[in-house]
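Everything in the sequence shown is counted per this note's numbering, starting at 306 for the first residue and increasing by one.
Every residue, glycine too, gets a C-beta built ideally from N, C-alpha and C.
Data block below; observations after.
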Amino acid sequence: MESRTDNRFEQDDGWLERLERALISGRLNRRGFMRAVTAAGFGASGLTALADQLEAIRANQVERTKQLLPAYDYVIVGTGTAACALVGRLAARRNATILIIEAGDWDTAPSVMDPTAWFTNLGTERDWGDVAIPSSGTNHRAIPEHMGRVVGGGSSINATIWARPFKQDLEHWATVSGDRSWGYEAGLEIYRRMENWQGTPDARYRGKNGPVWCQPANNPHPLATTLLAACTSLGYPVLDDLNGRREEGHIGFALMNQIIRDGRRQSMARSYLYPVLSKPNVTVAVQTHADRLVLSGTRVTGVQISRGGVSSVISANSEVILCAGGINTPKLLMLSGIGDAAQLRQHGIRAVVDAKEVGQNFQDHLLHGGCIWEPKEHLPHRNSAANASGFLKSQARLEAPDVNLVQIELPYASDVIGKQYAPPNTSWALCAGLVAPKSKGEIRLRSADPKDRPVVDARFLSHPDDVKALAFGIEVARDLGNSPAMKDFVKREVVPGKKLTGQAMEDFVRNGATTYFHQSGTCRMGSDAAAVVDAKLRVNGIQGLRIADSSIMPQIASVATMATCALIGERMADILSPAV
Ligand SMILES: Cc1cc2nc3c(=O)[nH]c(=O)nc-3n(C[C@H](O)[C@H](O)[C@H](O)COP(=O)(O)OP(=O)(O)OC[C@H]3O[C@@H](n4cnc5c(N)ncnc54)[C@H](O)[C@@H]3O)c2cc1C
Numbered sequence: 306m307e308s309r310t311d312n313r314f315e316q317d318d319g320w321l322e323r324l325e326r327a328l329i330s331g332r333l334n335r336r337g338f339m340r341a342v343t344a345a346g347f348g349a350s351g352l353t354a355l356a357d358q359l360e361a362i363r364a365n366q367v368e369r370t371k372q373l374l375p376a377y378d379y380v381i382v383g384t385g386t387a388a389c390a391l392v393g394r395l396a397a398r399r400n401a402t403i404l405i406i407e408a409g410d411w412d413t414a415p416s417v418m419d420p421t422a423w424f425t426n427l428g429t430e431r432d433w434g435d436v437a438i439p440s441s442g443t444n445h446r447a448i449p450e451h452m453g454r455v456v457g458g459g460s461s462i463n464a465t466i467w468a469r470p471f472k473q474d475l476e477h478w479a480t481v482s483g484d485r486s487w488g489y490e491a492g493l494e495i496y497r498r499m500e501n502w503q504g505t506p507d508a509r510y511r512g513k514n515g516p517v518w519c520q521p522a523n524n525p526h527p528l529a530t531t532l533l534a535a536c537t538s539l540g541y542p543v544l545d546d547l548n549g550r551r552e553e554g555h556i557g558f559a560l561m562n563q564i565i566r567d568g569r570r571q572s573m574a575r576s577y578l579y580p581v582l583s584k585p586n587v588t589v590a591v592q593t594h595a596d597r598l599v600l601s602g603t604r605v606t607g608v609q610i611s612r613g614g615v616s617s618v619i620s621a622n623s624e625v626i627l628c629a630g631g632i633n634t635p636k637l638l639m640l641s642g643i644g645d646a647a648q649l650r651q652h653g654i655r656a657v658v659d660a661k662e663v664g665q666n667f668q669d670h671l672l673h674g675g676c677i678w679e680p681k682e683h684l685p686h687r688n689s690a691a692n693a694s695g696f697l698k699s700q701a702r703l704e705a706p707d708v709n710l711v712q713i714e715l716p717y718a719s720d721v722i723g724k725q726y727a728p729p730n731t732s733w734a735l736c737a738g739l740v741a742p743k744s745k746g747e748i749r750l751r752s753a754d755p756k757d758r759p760v761v762d763a764r765f766l767s768h769p770d771d772v773k774a775l776a777f778g779i780e781v782a783r784d785l786g787n788s789p790a791m792k793d794f795v796k797r798e799v800v801p802g803k804k805l806t807g808q809a810m811e812d813f814v815r816n817g818a819t820t821y822f823h824q825s826g827t828c829r830m831g832s833d834a835a836a837v838v839d840a841k842l843r844v845n846g847i848q849g850l851r852i853a854d855s856s857i858m859p860q861i862a863s864v865a866t867m868a869t870c871a872l873i874g875e876r877m878a879d880i881l882s883p884a885v
């Protein structure tokens, strides 16, 4: 996708996105697009290339989706982070036909392309809108579990942070899968290939020629740079890059990497999928819901879909690949008879394979909302409102950090904390995050109806060590926020406002718990018989079915999960097409 060439686009209030949407949906043709651009007084250079690309995509996709074929070589469910990386590579196999099924719509809404507005997508049609059921760990609060429902999946509505997994994460995956291709050095090679890194070149860790644009937070908020000065003043390491060497288990703070280019989100859809959408072998069916898998014995032969109120079956000549994410992938398996037989029976579903771990091992990172300060003077947030961050170990003996501190240039508070302290809306937060949770939950079917959302039983903070790790993070956040280096940005500490200990701290942790929306682990990869997928991402006990998304993580990576899911998509492409 071409970048903006005219800085008036900075004030266009979604104008370009609206035109893009009209062009892609066929409501406007290329000539109309160019006429609108010229009439609005914008220079046509750059936009001509954009119009050509979008027109080629529109023409191809309109043609391919007029009537879907009865069969494709690969049927992929979901256009999320991992799927985009997979299809971006797989499409190079010109003789392989690929259908990608997406329940949501195209990604051209202004709130998708504008990274400063990412949170305005939550609760809209671009969000599945799940909520984890109340549990004692969060003082019986129900915690929202937002997830992208749009082309690009989470990468189209997320906070744009590009954080690569720790060496220890990937080494653990290599051990439990019995396959070194999941290990750190293999992962590094893939990241070097996929990145178009805009920061200081680093031949070992960073790539420059790949499809994924990532940059250190551009023109960061002075709060972010001052936080880094505060870290130095208290003796915490400040790193040049929050990826790279940090991945080898180091603690430290830095400006974050973001997938923002010229002020626009470069989602995984824009990075990987758009460049192949004008190819004749790639079809994207939006507003199409995968209801269940179609099986012949233990072989998956296709997918039953609902499209425009009509149900039909699309066959897969080669394989079906589920990329529907950490909640929807196990749901689809269970609806199709792949899951715990006793549980399925309760919903009248006959088990094809008694796969007891489908939906188990649910993990997500917790973000505490939060420690909050009122500033002397308000400055609007920049980029995705989160520009500086750091990783810490709550205990010195840990091999890799388990705590992540995130500065948020908004008064980020949980429901309870927000009510209790009512922070002024000019405030900023320094939030403690739990990135190596020990608590595990599960996803269960609510019914056998594909339209029903499943039960998300997250059981957050059910392990006492998770409470301790967050309490440690909160103490460090308060030390930093109240340090002399931050004084220009602090009129007063609003939340919690004083040192907390014992039960008061525990309640603060539990009442403040929200998530980062990194649902993972529900179809874990492993070499043991109980694992849901093997190292080649094949579903155990089933033929013709693989999974490539956040659900395959045996243990959630200890960082925000988009970059890890992109790695999973790339690995899937390597497995299917080693030479491409
Ligand atoms: C609000 C928010 C903020 C986040 N912030 C960050 C961040 O800043 N950095 C970061 O690294 N990570 C972030 N994440 C997490 C990250 O985006 C996800 O971990 C990642 O996108 C998951 O990738 P995935 O491939 O597993 O699936 P997803 O990206 O979730 O994609 C799954 C796709 O499948 C589609 N789908 C599901 N079920 C069906 C069905 N039955 N039929 C048809 N289509 C279906 C969905 O609509 C979706 O498009 C955030 C997530 C959210 C929701």
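Check	Outcome
Nearest neighbour of S611, chosen from S601, H594, R604 and V605 [CA to CA]	H594
Residues sharing a beta bridge with T593, DSSP	R612
Candidates V814, Y821 and I852: closest to G831 by CA position	I852
T819: first and last residue of the uninterrupted beta strand (DSSP E) it sits in	A818 to T820
Residue nearest to P706 in terms of C-alpha spacing, selected from W733, A387, L872 and A737	A737
Rounded straight-line distance, which links the Cα of V417 to that of R758	24 Å
Three-state secondary structure assigned by DSSP to T606	strand
Any non-hydrogen atom of ligand 1 within 6 Å of I847 CB	no
Simplified DSSP assignment, three categories, for C828	coil
Same chain, Cβ closer than 7 Å to N426, neighbours up to 5 away in sequence not counted	S416, V417, D432 and I462
Unbroken beta strand (DSSP E) run spanning V380, endpoints	A376 to V382
Span separating the alpha-carbon of Y394 from that of G723	According to the sequence displayed, residue 394 carries Arg and not Tyr. If you take the alpha carbons of R394 and G723, they lie about 45 Å apart.
Three CB pairs or more closer than 8 Å across the segment 673-685 and the segment 789-809	yes
W320, enclosing alpha helix (DSSP H) - first and last residue	W320 to S330
Pick from T603, Y379 and D720 that is closest to A878, judged by C-alpha positions	Y379
Straight-line gap, N365 to E494 (C-alpha atoms, nearest Å)	33 Å
F822 beta carbon near ligand 1 (any heavy atom closer than 6 Å)	yes
Contiguous beta strand (DSSP E) assignments of at least 3 residues, all confined to the segment 352-416	376-382 and 403-406
Selection from M810, H768, Q700 and N523 that minimises the alpha carbon distance to I466	N523
The segment 742-752 contacting the segment 659-671, beta-carbon criterion three pairs below 8 Å	yes
Beta-carbon proximity list for Q473, same chain, < 7 Å, skipping 5 on both sides	G554, E704 and A705
Cα-Cα separation between L881 and R399, rounded to whole angstroms	14 Å
Collapsed DSSP secondary structure at E747 in the structure displayed	strand
V367 versus P585, A629, P716 and G607, residue with shortest Cα-Cα distance	P585
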